[in-house]
Amino acid sequence: MVFIGSFALALALLLALYACGASLMGARRKMPALVESASHALWAMAGMVAIATGVLLNALFSSDFAIKYVAQHSSTTLPTFYKITALWGGQEGSLLLWTFLLAIFAAIVAWQNRDTGLELTPYALFTLAAVASFFLIMLNFVTPPFARAFPRPPEGGDLNPLLQNYWMAIHPPSLYTGYVSTTVPFAFAVAAMVSGRLDDAWIRRTRRWALFSWFFLTLGNLFGARWAYEVLGWGGYWAWDPVENAAFMPWLMMTAYLHSVMIQERKDMLKVWNLALIGLAFALTLFGTFITRSGVISSVHSFTQSGLGPYFSTFLGVVVVCYTALLLYRVKLLRSTAELESFLSREAAFLFNNLVLVGIAFAVFWGTVFPIISEAVRGVKITVGPPFFNEVNAPLALALLFLMGVGPLIAWRRASTRNLVANFSMPAVIGVAVGAAAAALGVLQWYVLSALSLAAFVAATVMLEFSRGVMARRRAVNEAAPRALVNLVAKNNRRYGGYIVHLGVAMAFVGIVASSFFKVEVKRSLAPNQTLDIGDYKLKYLGVSGDETFHMERLGARLELSRDGRSLGVLEPARVFYKRQQQPATQIALRTTPSADLYVVFAGLDPKSNLATFQVFLTPLVLWLWAGGFLMALGTVVAMWPDVREREAISRAWERRTLGWQAADTADFEGESF
Amino acid sequence: MRRVAFLLFLLASLAALAPFGSALSRTVSAPSRASLDEVAEGLTCQCGCGLTVANCNHPMCSFSVPVREQIEKMLNSGLTKHQILEQFRAKYGEKVLSSPQPEGFNLLAWVMPFAAIFFGAAVILIVLARWRARPSKPIAEANESVQGYDVKLRYRLRREVERLG
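Here the protein sequences line up with chains A and B, keeping their order. For the first sequence, position 487 (counting from the first letter as 1) is numbered 487 according to this note's numbering, and the numbering increases by one without interruption. Here this note's numbering = 1-based position in the second sequence + 1000.
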């Protein structure tokens, strides 16, 4: 099996290199057959990488400790579910997963664009194959996943206990899917610049890929935050750790990109900016991988440190230099004949929205790398932690929220006074009213009041757009309101999907602000039958109970929860000890309601005094963060869904294909939604 | 109709504040976070957890547990947050502070993000001013419906051409 896995990876590398050469030569010499063979090579490469991934999964399943990776990251007692997740629990496996996703995406791109001519596709295939070649070189020569263990150990070292959590089963694959899929728009951007076809064709062909990437980056960040919330046991979900930052930056770049491409599609402006953004987004995914794997910055999330750093930094350098050179080479052709009538226009609002998003990304990047810069310049180690990121990003987040409310309603070209009054008076009144109501409830922090007002303002702009659309449909086609709403979204899914995302962002922001400002913490040691009060809740410590398996020992504490004298059940936080890794871990107990989360950590038991120590947090509106995140994901799905006209275009293309006509380029219809 | 919708939305927005308010009524009335936490938030735990001393929850942590006790003693002796942080910096070096002090070279950490944003804003304003100076095409009314019409027309034209083709 080891031989099959290694051989499949070697073959995949050869196929990727062949795809590079064939696609490039096919494009330069105008030989479609050669480009077609490059596509076939990419399909075969995807097959080979899939086989290698399957072999490693099988080895993990069967606890084949002859493979070093399996011996290091699995054990016979590890539950089967975590044997699968161990695939991305270590360096080699996670790199294999990355390559597997890239190979699959490259194969899909080759299939999607098989009949789209020799202008863009061959160069895009070349870029995808080149990136895949780099990863396959790593897998074949630097961190081979099928390296043998000598001597074969009788038992494996087990998976890191912090990774033995269901959120970790979905967080890395989601984040990797988001990371890796940025390669597709990046590849088409390179293709546009190399080929000189600098119109918005590359954007239309990759619009859905960009949304797909954003969708998974959103989920990846969300799942990662949830994992931190449940597993690390400190009552928070985001610590501005370098690895968290590395996942957040591409998300910010892709958000900026998704907004600015709208301007290029409608107004033929910002061509250089869009190319720069997608290049930065891709470079930041490589930077994130570099940070996670190099050990250059210490992080609680760096589970896979190795000597890969120099290779990744070199590759990152090559990508940045080549891409910048290409951009500079084409910059004259990219100049648009843009015109602007007024600073009070949607174009200007979108530009400032981009500025704030990229500004936040820069602030996060700067804070992440500043310790390295400080050490290099002054030779002094420093820490840049949460207080820095919170202080720098807090005002920028408010600006972003404001622009998020303004952007969708302000008119293109020039907003007249009439337009401003008609669109913004009601949301502004609602924003102010919500702020005033919050102040009346006792909220006195200016930041919280601003955040609440702006979130209400954003929500009101979204609701206003929905209500206007529904009323217009009711007038025009005499539909009932629910039907009009469904049809409105179905026929304009890109636009209304975006509004749903905005609503999700506003909701998540309220959750973040409330949970950051109003968290209450109580830490206390209790003897059996003693109680602890937090907010309206009362926790009565009943005692501890232990259990043990081959895999772990667990000491659970039982706490009876009540509110206003009414019992709400028993909470069981626990301390867990993983035997193989000789490592303790925390299992929190959580009671979630829309208004607040009660989060209980069993900090320890003193056997002498029989006192159990608990750390309890009462955190308002955490649920709003998760709900807002899922609303963002839902909005993205709505925006990605093919609209009526795209479906018509696709069916016409199929009709023509069956009639034997020359293949249609359905991509021509991408991105046109009204 | 619009007024009714407006009032309904206003009421819904205020109703959405209800859980916020009830959470606040509980949390605001609870004792506010001790200044111990404020000081502990300014220090990074050195146990490798990557969190601040305020957030490190390792029960037997060899750093955060004694440091919290020290902070409490220091606060009781009347030292300010700044003085306490200075004492820890003198003992453990700058890395113990959870954010760089805004002085000397470290000022760069604080200044650069805002400098970059102001620079970006200036560039955008200059670019927008240039675009604004260009002669604009005559358009009857510049609003979204005109833009929408443009795209719709383009789509219809393409379909017509396709049918003819």
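Using N, Cα and C, we set each Cβ at its ideal position, and we do this for glycine too.
Where residue i falls, given that 16 or more other Cβ within 10 Å makes a residue buried
i	result
S609 of chain A	exposed
Q445 of chain A	exposed
D64 of chain A	buried
D200 of chain A	buried
F134 of chain A	buried
R152 of chain A	exposed
S453 of chain A	buried
A476 of chain A	exposed
P1059 of chain B	buried
L571 of chain A	buried
C1056 of chain B	buried
Test: residue i CB closer than 7 Å to a CB of chain A
i	result
M1183 of chain B	Residue 1183 of chain B is absent from the structure shown; chain B starts at 1001 and stops at 1165.
K1095 of chain B	yes
S1077 of chain B	no
S1062 of chain B	no
L1085 of chain B	no
A1090 of chain B	no
F1119 of chain B	no
A1116 of chain B	yes
S1035 of chain B	no
I1124 of chain B	yes
A1109 of chain B	yes
T1080 of chain B	no
Three-state class that DSSP yields for residue i in the structure shown
i	result
A1133 of chain B	helix
A361 of chain A	helix
A132 of chain A	helix
R418 of chain A	helix
D120 of chain A	With the sequence shown as reference, residue 120 of chain A is identified as Leu, and Asp is not the correct amino acid for it. If DSSP states are grouped into helix, strand and coil, L120 of chain A belongs with coil.
T1052 of chain B	strand
V616 of chain A	strand
Q530 of chain A	coil
I67 of chain A	strand
E341 of chain A	coil
V443 of chain A	coil
L11 of chain A	helix
Y541 of chain A	strand
S1062 of chain B	coil
E1103 of chain B	coil
L611 of chain A	strand
P584 of chain A	strand
Neighbour flag for residue i against chain B, beta carbons, 7 Å
i	result
T206 of chain A	no
Q615 of chain A	yes
I203 of chain A	no
P387 of chain A	yes
N116 of chain A	This sequence places Thr at residue 116 of chain A; Asn is not what is there. So, not an interface residue.
R563 of chain A	no
L286 of chain A	no
R623 of chain A	For the sequence presented, residue 623 of chain A should be read as Leu rather than Arg. Judged by the 7 Å Cβ criterion, L623 of chain A is not in contact with chain B.
T383 of chain A	yes
L355 of chain A	yes
V380 of chain A	yes
V505 of chain A	no
F457 of chain A	no
Cβ distance (whole Å) where residue i is taken to contact residue j below 8 Å
i	j	result
W196 of chain A	L24 of chain A	Position check: residue 196 of chain A holds Gly in this sequence, whereas Trp was assumed. Actually they are not in contact, since the Cβ atoms of G196 of chain A and L24 of chain A sit about 15 Å apart, beyond 8 Å.
G431 of chain A	A460 of chain A	7 Å
K271 of chain A	L198 of chain A	6 Å
V180 of chain A	F282 of chain A	Incorrect: roughly 10 Å between the Cβ atoms, too far for contact.
W43 of chain A	A110 of chain A	6 Å
G93 of chain A	P145 of chain A	6 Å
L621 of chain A	A456 of chain A	Wrong, their Cβ atoms sit about 14 Å apart, outside the cutoff.
R205 of chain A	V2 of chain A	Not really, about 40 Å apart at Cβ, beyond 8 Å.
P250 of chain A	L284 of chain A	5 Å
G279 of chain A	Y329 of chain A	That pair is no contact at about 13 Å.
(message) Across the stretch 528-543 of chain A and the stretch 502-517 of chain A, are there enough close Cβ pairs to call them in contact, namely three or more that are closer than 8 Å?
(response) no
(message) Can you confirm whether the stretch 215-225 of chain A touches the stretch 166-174 of chain A when touching is taken to mean that 3 or more C-beta pairs between the two stretches lie within less than 8 Å?
(response) yes
(message) Would you call the stretch 1097-1113 of chain B in contact with the stretch 1069-1080 of chain B, where contact means no fewer than 3 C-beta pairs closer than 8 Å?
(response) no
(message) Check whether the stretch 182-197 of chain A and the stretch 116-130 of chain A are in contact - that is, three or more C-beta pairs closer than 8 Å.
(response) yes
(request) Could you tell me whether the stretch 243-251 of chain A touches the stretch 357-371 of chain A, where touching means 3 or more Cβ pairs closer than 8 Å? (result) yes
(request) Would you be able to state if there are at least three C-beta pairs under 8 Å between the stretch 56-76 of chain A and the stretch 22-39 of chain A? (result) no
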